[in-house]
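Everything below concerns the one structure shown next.
Number of protein chains: 4
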Amino acid sequence: MRGKTGVYLIGALGSIATTVVTGALALRERMIPPIGMVTATDVFEGADLVRIEDLEFGGCDIRCATDEHPAGSDFDAGPIDPRIAEAVGPELRAILKGIHGGTATNCGEAIAGLAGCTRQDGGTLRDEIEEIRERLRRFRRLSRLDEVVVVNLASTEPPLEFEVCHEFPAALEACLDANRAEKIRASTLYAYAAIREGCPYVNFTPSNAALFPALVRLAEQCGVPVMGSDGKTGETLVKSALAPMFACRNLEVLSWEGFNILGNMDGRVLNHPQNKESKIRSKDRVLAKILGYAPHSRTGIDYVPSLDDQKTAWDFIHFRGFLGAKMSLQFTWQGYDSILAAPLVLDMVRLAEFALRRGEAGLMPHLALFFKTPMGVEEYSLEAQYRMLLDYANGVRTALRPVTGP
Amino acid sequence: MRGKTGVYLIGALGSIATTVVTGALALRERMIPPIGMVTATDVFEGADLVRIEDLEFGGCDIRCATDEHPAGSDFDAGPIDPRIAEAVGPELRAILKGIHGGTATNCGEAIAGLAGCTRQDGGTLRDEIEEIRERLRRFRRLSRLDEVVVVNLASTEPPLEFEVCHEFPAALEACLDANRAEKIRASTLYAYAAIREGCPYVNFTPSNAALFPALVRLAEQCGVPVMGSDGKTGETLVKSALAPMFACRNLEVLSWEGFNILGNMDGRVLNHPQNKESKIRSKDRVLAKILGYAPHSRTGIDYVPSLDDQKTAWDFIHFRGFLGAKMSLQFTWQGYDSILAAPLVLDMVRLAEFALRRGEAGLMPHLALFFKTPMGVEEYSLEAQYRMLLDYANGVRTALRPVTGP
Amino acid sequence: MRGKTGVYLIGALGSIATTVVTGALALRERMIPPIGMVTATDVFEGADLVRIEDLEFGGCDIRCATDEHPAGSDFDAGPIDPRIAEAVGPELRAILKGIHGGTATNCGEAIAGLAGCTRQDGGTLRDEIEEIRERLRRFRRLSRLDEVVVVNLASTEPPLEFEVCHEFPAALEACLDANRAEKIRASTLYAYAAIREGCPYVNFTPSNAALFPALVRLAEQCGVPVMGSDGKTGETLVKSALAPMFACRNLEVLSWEGFNILGNMDGRVLNHPQNKESKIRSKDRVLAKILGYAPHSRTGIDYVPSLDDQKTAWDFIHFRGFLGAKMSLQFTWQGYDSILAAPLVLDMVRLAEFALRRGEAGLMPHLALFFKTPMGVEEYSLEAQYRMLLDYANGVRTALRPVTGP
Amino acid sequence: MRGKTGVYLIGALGSIATTVVTGALALRERMIPPIGMVTATDVFEGADLVRIEDLEFGGCDIRCATDEHPAGSDFDAGPIDPRIAEAVGPELRAILKGIHGGTATNCGEAIAGLAGCTRQDGGTLRDEIEEIRERLRRFRRLSRLDEVVVVNLASTEPPLEFEVCHEFPAALEACLDANRAEKIRASTLYAYAAIREGCPYVNFTPSNAALFPALVRLAEQCGVPVMGSDGKTGETLVKSALAPMFACRNLEVLSWEGFNILGNMDGRVLNHPQNKESKIRSKDRVLAKILGYAPHSRTGIDYVPSLDDQKTAWDFIHFRGFLGAKMSLQFTWQGYDSILAAPLVLDMVRLAEFALRRGEAGLMPHLALFFKTPMGVEEYSLEAQYRMLLDYANGVRTALRPVTGP
């Protein structure tokens, strides 16, 4: 019989992480249907994915418990039915109490400003890595886990300019040996540690330091599945569904302006120009990839505290049709960021664990559907990405089907 | 060398028809690029489609010339660059002058109210059909056309309840012999005449009398390609691009409310409850087909004269995500109906002529992409429909590729 | 010392009524600030209005308690903070338990369909009136109330065509004597009973049977202040703020299309064409009054259950400016109907009780601000209506100011 | 008999200016009704304003004629009916040919980059002023004008930090004498010259150098009416109509986010951070003034070339109602900037000329309605501003009414 799988969340006190845990607990209690989870659809019927009941949650965060938030977490019921919040509350709080401090090495001011429970400085990068690895080993050992999947849900870091040490594992090792902290960010250390511990790793953030070519190559060498970057939960999701419409009808997109407002911690951190830069870079790739040309396009992000977790995006698409006529489509998206992200995290944990068991290593391109900038994938149309997942599921089912016969 | 192809437009003085002709003339003069035409993309590179330069336009309309509109047409430049309108004006007016009267047999009050130039009553259905066939033959003969493609662009008729005579060709023939006018509508007579004359026939309207199973079977027997119904140009186009997003992410659509306002002749006719009924039936099928369930959904249509041809649609989509949270997406579409429809008409004329030449008969499911309710097709997702067209194009190219070798 | 004032709510189990009571209780406990209440602003500082703490709530409803809703009410916390709902819950439920059955005489099918706890048939109109008056007297007596204000919050009734008996008190009396039930509706009986009992009466619904000229004249004769009709809480509120902008800038409104979707009981009842008719008539007057001409305008209302109390309205305003150019403004309003209505009810109760004490009788035009179709008022611009209230408040303060002198 | 009035436009080749002239010519030819002009409404019936037929246009611009734009102007028919454009074309072009070069002294990079036809450097500020005054005198003389009104329609300059020389006329004169170019901008020179020549002056731009306290005081001393700043034509117009709704209903505005996209020259210049700063400062004052507190609010402006003159603004208003519930209102404004601005320019020219004739001097607060930040006015509510204009009109009419009697 199969054992349990650990889910190690970086940024475990944030609102996505607490929603992931709340949802998993509510699913276990059969209080909610698995709406929003792709792995709960017919597509994966018969595939031997880990059950939600067999997940155990742990992780770290750079923030500490405060009086306001007993567990120091962002958790407030928000859009969640208070009866669910009440029912799972005790177990959720128990899990949050087990969250330990994290690292914020070279993460920039905005993130450093949040940090209350980071580890004591003084050690080298190698020391930090060893500490993270020890945490992962202890989580596996104490909870008697078969596997541990690591998911990066931390705040967006400023972008890193890539050099040779981000391309090749050996150069990366040398850089770590030399303790070149300016070449990496906190998320690099987690990814490196996870891969070295044989833990599948998912980068749900736009931080480019969290999964770069050298890390991917290392994952291939170590036989570990990894994937990123930047969970596709709102405006970009709609973009990747709508842009193909213009392409397949040969309508010329002249301008695509997007304006996002949000009020959660993500919004607060993105309010800092450097961190926002990471996000906007990630969002901007979609159109050019789908349309085959880059229309005039800007994506604005503003922090509007009163919105809390309810992200609102207005997009204005100006396009040209037959005989040169200009027309427009605009949309307003109003979605709870964490509610949209959480089921994807569970999906990816299940699929990453499955991939590891099947001996897959390196990038998991069939997860492109879940990311704003899916690594190693040139396909940005949502439906085409969905077909990639369907094809994978079909391939897997075929492979698993027992041979019957005389 | 290949000759010319005739395009016979039913409703030839309407705004879609005049935009089709204006656009074809402007393309011929190289005044505009072929934006909005799918057959002008790489997909059909190398396929031997008829050239726009080789199309000749004719047709009929139930309205007459008036003082206000010298040619009796809806044509006003609207969103079209006045320089284009001026340049193609003389040739456009010459073509419109050649448009003859049409039939409005059993089309309901709203349409009868428009009719100024219908044929004299007194004849039987068979007489009417013979007259239409003679028109088609004369068009072919006088313009020295290899083929004639018939496109129904007339106003939306009230829906017809189907009986046995709409199912089987023999029953239909008996019904025509018995002069049962209440069993058919004007659009039936055109379709029947076209098929009998070996002319491919496209129903761009939601009128269900314009192409029903008995007519499709007749087309199969006669070796004539046909397709319908209801050109997909606005709100439904967006719907068929967006609904798959909810499906593939396992988000539950609770309600999808649509509200359309438009001010052209189409809007004026749809202002009549019976005619509107045809349109709404056509729009309502999309969601259930894509989602696999039917959410609460209503589609309203209001006639707002000040908008002219600029159709505006507001859709509000209420959906449920993880942990039961309700979220929403709303969009506003502002498009010129005729501008969006015209290039599709040219696309379908080219593809229908091509299918006839290749010996295809009956429905053309690879044109599903162009219709709100594509006959004989269960696939309503825009991208999946687009792949059907790509597959057709690839198949054709492979078939046409000359065998080279020793 | 002043005593208590009773608030007698017709439709007391509906969501507006339960929100009124919840809010009053929360205000009393100082759990919330008086946001949304006009009488809580500086404007009424110093005016001797009844305190929220001195209000007592009672009323009737045609629905009974069910298992689902222990008190038979629409109350679900909805957008209200669960902590508030919990804190005031016991007292709210106690009040709801005291709500007795109501009458649905001649209210049409939609409303009759809801009725579970109507009084037994068999009596005459005069019997029904006497029963209501007795209820009001008992409420006053048992709760030791100085005054009782009656507020009609019941579902919208179908419109009544006015005749002579709706014009003059004597004719109305004769009609009641003759037991002509088809000339009145339930709301007429409540209004008549209230006026006869000397209770100020506010018609918060669009039902025109609830306050017609004969009743207003009767109120004048009896020295009772009354006002209506149709609380202005959403789309029409915005309309009355925006339409003056076009007027004062001499921009020509060509079309003003509104589309409302809502999911509460109000929406369910308005789903019936007759009842909807009342609402739409009420909404349609605003534009013509403000602009001085009637642009093309339609107001649609659809019942969308998933929205619950969150009314969503999309308005599209097409206007013409200088040199004939057409432009547009569209807005989307997303508001909780009951949350918006409840503070107005409290405002009007306070102002009606105040007017009674000051000896005012008949219509209270200074309350125009609160109504979609303020009776006896030709002014529909929101700001002009607000000035009417300011002028009243200033007049009152001046009157109250003690004369000081030598 | 009264003579002609000159209208001297700074930025005379820009799209507002060309629309002003086009409109005036079309009005003169009775091709259009005076939609959008407040002075054409009943309000001013009987007031002795200068007739549109009696206006003569002149002005200057820093750009030169190019091959593309024969007159060097922004003029393209845009939303204007081509028949009007054709009819007034010859006279418009004749006027544009008479436009001479302007000054761009200390206007920042963005504007300097546009300049083709500025005057030769080498002179002092006093020289520049004298040259402008000579232009104004010549315009008056050659066109035999009774009066000349100067309107600043130039591109937005970067904001100026105010010092003593911007407060007092004497200090300003000293600064001009000392040739301190860094203390002024081009718009200062025009304003100074206009006032010294006895020409009423209107600042239609947000540039704060164009009308500061020292200039207003000088205008008072010289008996010249002046007013500014920043024509209220779009988003801010709607804001000033909607914000009072929240105030008068005691609803708490939590956040008001605005996002403007536009594609004309104004947009191109505002794309520069310094110039944008001027605009945003001007827009931000409205809310705090109307609400009495400053909600979270940001106003974004992006340059989207494909939109040309069609400015599109999306505003999202988050507000709190009774019981703490959060709700929202969003609007999308789609208006042609020049079409909206042009009639206001004509209105203000007429009213400024009228004020001069009546002996008014200094600021014209009754024009508050036309400006985003009306100088010397604390009232920002649109309707209240409109009443200020009504009161002025009524006062004037009363004053003018001839005394009749024995």
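Protein chains in written order, with the numbering used here: chain A, 1 to 406; chain B, 407 to 812; chain C, 813 to 1218; chain D, 1219 to 1624.
Every residue gets a Cβ at the ideal spot worked out from N, C-alpha and C, and that includes glycine.
query: At least 3 beta-carbon pairs within less than 8 Å: the region 1340 to 1360 of chain D vs the region 1306 to 1315 of chain D; result: no
query: Under 8 Å by beta carbon: chain A residues contacting Leu1541(D); result: Ordered by position in chain A, no residue passes the 8 Å Cβ test against Leu1541(D), which lies about 16 Å from the chain.
query: For Arg320(A): DSSP bridge partner residues; result: Glu252(A) and Lys326(A)
query: Thr156(A), buried or exposed, once every other Cβ within 10 Å from all chains shown has been counted against 16; result: buried
query: Short Cβ contact (7 Å threshold) for Ile195(A) with Cys222(A); result: yes
query: Through-space distance from Gly1296(D) to Ala325(A), alpha-carbon basis; result: 13 Å
query: Short CB-CB distance (under 7 Å) between Glu252(A) and chain D; result: no
query: Which listed residue (Ala1392(D), Lys1401(D), Arg1356(D) and Thr1240(D)) has its alpha carbon closest to that of Glu1415(D); result: Arg1356(D)
query: Enclosing alpha helix (DSSP H) for Met1327(D) [first to last residue]; result: A small fix is needed here, since residue 1327(D) is Glu in this sequence, not Met. Run containing Glu1327(D): Glu1327 to Ala1330, per the alpha helix (DSSP H) assignment.
query: Cβ separation of Ser999(C) and Ala983(C), assumed to be a contact under 8 Å, to the nearest whole Å; result: With a Cβ gap of about 18 Å, Ser999(C) and Ala983(C) do not count as contacting.
query: Cross-chain neighbours of Val1014(C) in chain D, by beta carbon under 8 Å; result: Residues of chain D passing the Cβ test: none, with the nearest at roughly 17 Å.
query: Cβ separation of Ala599(B) and Ile538(B), assumed to be a contact under 8 Å, to the nearest whole Å; result: 4 Å
query: Residue environment, Leu1214(D), which counts as buried when at least 16 other CB atoms sit within 10 Å; result: Past the edges of chain D, shown from 1219 to 1624, lies residue 1214(D), and the structure says nothing about it.
query: Short CB-CB distance (under 7 Å) between Leu1074(C) and chain D; result: no
query: Chain-ordered neighbours of Pro1056(C) on chain B, where CB pairs are closer than 7 Å; result: Under the 7 Å cutoff, chain B gives no residues; its nearest Cβ is about 21 Å from Pro1056(C).
query: Closest Cα partner of Arg1516(D) within the set Arg1615(D), Ile1498(D), Ala1258(D) and Ala1265(D); result: Ile1498(D)
query: Same chain, Cβ closer than 6 Å to Val38(A), neighbours up to 5 away in sequence not counted; result: Asp347
query: Beta carbon proximity, Val88(A) to chain B, threshold 7 Å; result: no
query: Own chain residues within Cβ distance below 8 Å of Leu291(A), not counting five before or after; result: Ala243, Phe246, Ala247 and Val253
query: Counted within 10 angstroms of its Cβ, other Cβ atoms place Ala986(C) as buried (16 or more) or exposed; result: exposed
query: Under 8 Å by beta carbon: chain G residues contacting Asp487(B); result: Protein chains A, B, C and D are contained in the structure displayed, whereas chain G is not.
query: Chain B contacts from the region 1097 to 1129 of chain C (Cβ-Cβ distance under 7 Å); result: His1108, Arg1110, Gly1112, Asp1114, Val1116, Pro1117, Ser1118, Leu1119, Thr1124, Trp1126 and Phe1128
query: His296(A) versus Arg397(A), Glu257(A) and Arg217(A), residue with shortest Cα-Cα distance; result: Glu257(A)
query: Exposed unless 16 or more other CB atoms sit within 10 angstroms - verdict on Ala836(C); result: buried
query: Top-ranked residue by Cα proximity to Asn1020(C), from Leu1030(C), Ala1031(C), Val1038(C) and Asp1042(C); result: Asp1042(C)
query: Inter-residue CB distance, Ile847(C) and Arg1538(D) (contact presumed, cutoff 8 Å); result: 6 Å
query: Contact list for the region 1481 to 1494 of chain D against chain C, Cβ threshold 8 Å; result: none
query: Test: Phe737(B) CB closer than 7 Å to a CB of chain A; result: yes
query: Contact with chain A by Glu474(B), beta-carbon distance below 7 Å; result: Here the model assigns Glu474(B) a pLDDT of 47, short of 50, so the residue's position is not dependable and the matter cannot be decided.
query: 9 Å Cβ cut-off: residues of chain B touching Phe1182(C); result: Those do not exist, as Phe1182(C) stays about 28 Å from chain B at its closest Cβ, beyond 9 Å.
query: Per-residue contacts from Val1050(C) into chain D (C-beta, under 8 Å); result: Leu1460, Met1463 and Leu1547
query: Sufficient close CB pairs (3 or more, under 8 Å) joining the region 665 to 684 of chain B to the region 758 to 770 of chain B; result: no
query: Complete alpha helix (DSSP H) runs within the region 1328 to 1393 of chain D (minimum length 4 residues, chain order); result: 1343 to 1360
query: Segment contact flag, the region 335 to 344 of chain A with the region 13 to 28 of chain A, C-beta cutoff 8 Å, min 3 pairs; result: yes
query: Contacts that Glu1069(C) makes with chain B (C-beta to C-beta distance below 7 Å); result: Ile667, Asp708 and Val710
query: Closer than 7 Å to chain A by CB, Leu453(B); result: Before going on, a small fix: residue 453(B) reads as Ala here, not Leu. Not closer than 7 Å to any Cβ of chain A, the Cβ of Ala453(B) fails to qualify, so no.
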